[in-house]
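So the protein lines, in turn, are chains A and B. Just so you know, we're using this note's numbering here: the first sequence kicks off at 110 and counts up by one. Just so you know, we're using this note's numbering here: the second sequence kicks off at 204 and counts up by one. Some notes on the structure that comes next.
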Amino acid sequence: MKPDGTSRSARHVSAALLAALLAFLPVAGVRSQDVDDASPHSDAELVAEVISVAPGRTFSVALRLTMDEGWHSYWRNPGDAGGTTTIDWALPEGFTASDIQWPHPRRVEAPPLVSYGYDDEVLLLVDVTPPDDIETETVTLAARADWVVCEEICLPATAGLELTLPVTAGPVEYDPRWSQAIGASRSRIPAAAAGWEFRAWRDAAGFVLEATAPVSLDEYGDGAYFFSSRASTIAHAAPQPAVIDGRSMRLSLPASEYLHGPVTSLDGVLLAPPGLSWPAAEGNRALSVGAPVTIGPAVAGTPTTLVTALLFALLGGIILNLMPCVFPVLSIKVLGFVEQGGASRAGVRAHGAAFAAGVVASFLALGVALLVIRASGTLVGWGFQLQSPAVVGLLAGLFFVLGLSLLGVFDVGTSLTRLGGLMGPSRGLGASFGSGVLATVVATPCIAPLMGAALGFALTQPPLPTLLIFGAIGVGMALPYVLLSMRPTLLGRLPRPGAWMETLRQVLAFPLFATALWLVWVFGQQTGVDGAAYLLAGLLLVALGAWMLWRWPRSTASGRRYTLSRAAAAIVVMAALTVGLRGTKSQAGPPTDESWQPFSTVRLVELQARGRPVFIDFTAAWCLTCKVNERVVLETETIEEAFRERDVVLLKADWTRQDPEITRALEAFGRTGVPLYVLYTGDAARPPIILPTILTKETLLEALEEI
Amino acid sequence: MKGLDTMKRRLVCGPLLCLAVAAGLAAPEARAQNAAWEIGAPAPEFTLPDTYGEEHSLADYRGGWVVLEWLNYECPYVGKHYNSGNMQGLQREYGEKGVVWLAIVSSAPGKQGYHEPDEMNSLSKAKNSAAKAVLLDPEGTVGHLYSAQTTPQMIVIDPDGVLLYNGAIDDRPTARLADIEGATNYLVAALEEAMNGQEVSRPTTQPYGCSVKYAR
């Protein structure tokens with residue numbers, strides 16, 4: 110064993126011991142500048158490019174480290190092991206020193222680890238600026254350097270260094286001995302090159318760094334490497350496969366196992382393949398990189414500016430009215446307008462505005478909630494409120510009650526309808542506002558497929574633009590109603606109120622029951638058949654309570670009967686809540702469909718490593734588009750056959766309940782919600798294919814041809 | 204609802220197709236390394252002999268807190284924490300709180316940090332180590348399971364066997380004794396948060412130190 114680790118502690122024992130120890134150390138050569146220490150296997154000295162110092166004239170000094178063969182010192186990010194070099198300056202008054210300017214390192218491979226360092230000799234440059242007047246004849250630059258050298262083993266080293274230079278008033282003279290070496294070192298410092306652009310985004314495995322050069326990069330092939338300035342960002346030891354396409358190059362950078370929290374930029378050095386220098390970089394092999402990290406690749410069609418994002422959001426909001434989630438609410442809103450036929454124009458307008466306010470306010474509230482939850486570190490995505498069985502259960506109950514009320518089973522006066530806010534204009538402005546709120550709450554599961562890109566963009570923005578985009582969706586959704594209420598001629602064309610309205614009202618109860626049914630099904634997906642049974646029992650009790658109100662109405666029931674029935678109804682409703690909530694405690698059993706396996710990142714990586722084609726279905730029970738795609742495309746004979754033929758492994762990422770791993774995977778593709786369909790062809794060099802949100806058999810079969 | 208869905212599909216197909224196809228074209232290729240460990244997942248099981256020949260399985264300690272420490276007495280970064288008494292202090296402090304502290308040596312025979320059991324025992328005694336046991340992993344199997352990169356590297360496992368922390372001991376990646384004072388000790392932070400029922404706010408950090416001297 111070499112006498113390495115011991116030297117470190119000895120230094121702290123006493124000077125006498127140190128002296129004794131030094132005598133036994135295989136010191137290669139102690140420079141005259143070393144005042145208190147030396148390190149075996151490496152030496153340090155301070156050198157300057159000038160032989161004299163002139164007032165106010167910046168010059169370069171270097172910490173020159175020389176290492177024995179096989180030994181390395183380290184870059185600013187040492188990589189998987191080792192330690193960086195630091196310089197603590199003690200400069201004459203008025204002198205300032207820059208940070209270390211690091212020449213690009215090389216990969217030091219010691220499988221399974223990779224460090225970033227230097228061998229043989231390295232000059233770490235520092236620019237020193239003297240004050241405008243220097244009174245002494247000489248100046249002494251003193252510094253303490255700490256560094257680590259490793260071969261198989263590691264040795265920390267420290268040295269107190271000094272460099273004394275005469276002061277001159279005349280022109281600065283360069284030291285031929287060091288100015289050349291310092292110049293050579295400077296040429297290895299990564300440069301910013303004109304015309305180059307860098308950006309980065311997350312993918313399922315880590316990061317993608319895209320460099321766009323002013324000219325074609327076709328001749329660069331493999332071998333470019335990105336050194337991250339920060340540790341715990343990328344996996345240092347992982348290969349960095351490159352895809353070059355004309356002027357752009359994409360490096361896949363797997364994430365560090367120690368990555369925690371968001372990364373807003375990738376900073377570091379992009380090194381050209383051995384023997385090459387980058388174009389338009391003045392012969393430099395190393396480019397300085399500062400690439401902002403977005404959560405997904407910015408693609409054509411994705412709104413990249415706030416204005417286009419707002420436009421998308423507005424359009425999306427309008428289309429939202431045609432979504433099946435919103436439709437039941439919409440039909441009742443139309444009923445409201447019909448009833449308004451005879452009302453005053455001003456009243457109609459006020460109700461339109463109140464509804465719009467309800468919609469916009471709820472979208473803003475959802476935006477704020479999403480921001481707050483995300484800021485607290487929890488991973489959430491779109492539709493998060495429907496990932497809670499309790500919310501789904503309560504919504505099912507609400508729709509059931511409103512349906513009953515429309516049927517006329519019970520007439521609850523204004524209090525309950527104001528809560529649901531569905532009953533139209535005669536019930537006051539609060540009800541209109543409330544119906545806006547409800548419309549928004551049930552609309553959200555339909556938003557993700559339509560607005561995935563816009564929402565993905567929104568969530569990468571600071572809070573204000575994010576909220577603006579959310580607000581724009583709300584404005585878009587409310588726009589048709591506002592226009593309708595503002596245009597008296599349109600309203601005039603609506604049929605006159607009459608007895609037919611009662612029929613329409615009752616008919617409209619059925620879309621509400623359908624929505625309740627869907628919510629019960631979602632609840633069942635989350636909690637299993639037992640959970641759904643509890644919820645249905647809760648709904649039964651709700652029906653019982655409603656019947657009590659209908660059987661003993663205020664107008665006919667005697668005082669005592671009325672009070673008793675109301676108390677009984679209250680108890681029954683409490684029981685309904687208890688039973689329904691009991692259902693949320695149930696757990697859904699494992700999926701029964703054997704052709705689909707549950708998604709996990711580990712499983713995906715494993716399958717990729719084996720070169721298997723993989724199809725991932727990011728889905729949720731409450732996502733209607735997902736379910737439609739599954740029925741109409743994924744679960745058809747043709748597609749199942751095509752999957753089998755090509756031996757595609759099918760992974761289902763079920764996001765019905767909150768799952769951080771799936772949220773992260775979605776985020777990696779720049780999405781905040783489901784559905785998302787990804788096909789890995791099994792060829793590691795090829796990017797995964799992201800399929801359209803609205804799947805068709807044709808597009809999927811076409812994509813499968815790529816395997 | 205089928206009819207509605209079909210209608211919706213037709214309505215939004217146009218713009219969405221364009222969007223999604225574009226996204227597909229620009230999608231990056233993905234490749235990740237395959238680590239056996241994951242924060243929040245069950246810690247990889249192992250059984251290793253200690254320096255007295257006794258076998259220790261992680262499963263034996265289910266129900267209590269476990270700390271794993273990757274150890275190489277000759278590594279100067281480890282020296283920083285042993286020569287200052289920092290590591291032994293933590294071993295005692297948390298040992299008294301019932302934490303099972305296992306030091307693991309993954310150095311291969313002939314490499315730095317590897318010692319025959321007897322020699323290891325006298326070294327541990329000289330260092331005044333208070334670890335419950337020093338486990339020998341000369342083939343590096345367990346080291347690779349937890350992708351231990353450096354000595355020291357610290358792991359925290361909760362009573363349910365769930366991995367809560369994997370990373371550096373503190374935030375000063377140096378071998379200087381002077382840097383122990385004033386450093387933020389990640390291990391202590393993780394243990395304190397976890398034992399008080401809170402979520403560990405930094406569940407992974409870049410470990411620093413000497414590379415683990417695995418067999419090649």
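Note that the Cβ used here is the ideal one computed from N, Cα and C, for glycine as well. Nothing here was measured: the structure is a model prediction, and the numbers come from that model.
According to the DSSP assignment, N289 (chain B) belongs to no beta strand (DSSP E) but to the alpha helix (DSSP H) extending over 289–299.
For the C-beta of K416 (chain B), the chain A residues within less than 9 Å are, from N- to C-terminus, E261, I262. Straight through space, the alpha carbons of L232 (chain A) and S294 (chain A) are spaced by roughly 6 Å. For P252 (chain B), the enclosing beta strand (DSSP E) covers residues 250–252.
Straight through space, the alpha carbons of L274 (chain B) and Q352 (chain B) are spaced by roughly 11 Å. In the DSSP assignment, G506 (chain A) falls outside any beta strand (DSSP E) and lies within the alpha helix (DSSP H) extending over 498–516. Interface residue (Cβ-Cβ distance to chain B less than 8 Å): V257 (chain A) is classified as such. Around R375 (chain B), no beta-carbon contact reaches into chain A at under 7 Å, the shortest distance being about 10 Å. Interface annotation, Q401 (chain B): not in contact with chain A, CB-CB separation never under 8 Å. Beta-bridge partners assigned by DSSP to I725 (chain A): A:L760, A:V787. Inclusion of D236 (chain A) and S207 (chain A) in the CB contact set at 8 Å is warranted, their separation being smaller than that value.
At a cut-off of 8 Å between beta carbons, Q291 (chain B) makes no contact with chain A.
Separation of F335 (chain A) and S310 (chain B) (C-alpha to C-alpha, rounded to the nearest whole angstrom) is 30 Å.
Boundaries of the beta strand (DSSP E) around T321 (chain A): 315–321. The alpha carbon of R379 (chain B) has as its nearest neighbour, out of B:M323, B:V391, B:K283, B:P245, the alpha carbon of B:K283. By the CB criterion at 8 Å, G426 (chain A) and G585 (chain A) fall inside the cutoff.
Proximity of chain A to S260 (chain B) at the Cβ level (cut-off 8 Å) is not reached, the minimal Cβ distance being about 23 Å. Short of 6 Å from the beta carbon of G355 (chain A), and not among the five residues preceding or following it, lie these beta carbons of its own chain, in chain order: S325.
The stretch 356–374 of chain B makes no contact with the stretch 309–323 of chain B: fewer than 3 CB pairs, one atom from each, lie closer than 8 Å. For Q352 (chain B), the C-beta contacts it makes with chain A under 7 Å involve D189, A190, L222, in order along the chain. Contact note: A378 (chain B) reaches chain A through R117, G192, V257, P265, using a C-beta cutoff of 7 Å and chain order. In the three-state reduction of the DSSP assignment, W273 (chain B) falls in the strand class, which pools E and B. Distance between I298 (chain A) and T250 (chain B), taken at the CA atoms: about 48 Å. Bridge pairing for E218 (chain A): A:V223 [DSSP]. With contact defined as three or more Cβ pairs closer than 8 Å, the stretch 625–645 of chain A and the stretch 679–692 of chain A are in contact.
Just measuring C-alpha positions, the residue of A:R766, A:I771, A:Q767, A:E754 sitting nearest L760 (chain A) is A:I771.
Of all residues in the stretch 164–184 of chain A, none places a beta-carbon less than 7 Å from a beta-carbon of chain B.
When secondary structure is reduced to three states using DSSP, S386 (chain A) falls in the coil class, being assigned neither helix nor strand. Beta-bridge partners assigned by DSSP to W268 (chain B): none are found. DSSP places F752 (chain A) in the helix class (H, G or I) of the three-state scheme.
Residue range 705–707 is occupied by the beta strand (DSSP E) that includes W705 (chain A), with no alpha helix (DSSP H) assigned at that position. Judged by DSSP secondary structure, N324 (chain B) falls within the alpha helix (DSSP H) whose first and last residues are 320–329. Excluding sequence positions up to five before and after G791 (chain A), its CB lies within less than 6 Å of the CB of G720, R721, P722, all in the same chain and listed in chain order.
Three or more Cβ pairs closer than 8 Å define a contact, and the stretch 178–196 of chain A meets that threshold against the stretch 245–254 of chain A. Shown in chain order are the members of the stretch 365–395 of chain A whose Cβ falls below 9 Å from a Cβ of chain B: S365, E366, Y367, L368, H369, G370.
If you ignore the 5 residues before and after E384 (chain B), its C-beta comes within less than 7 Å of no other C-beta in its own chain.
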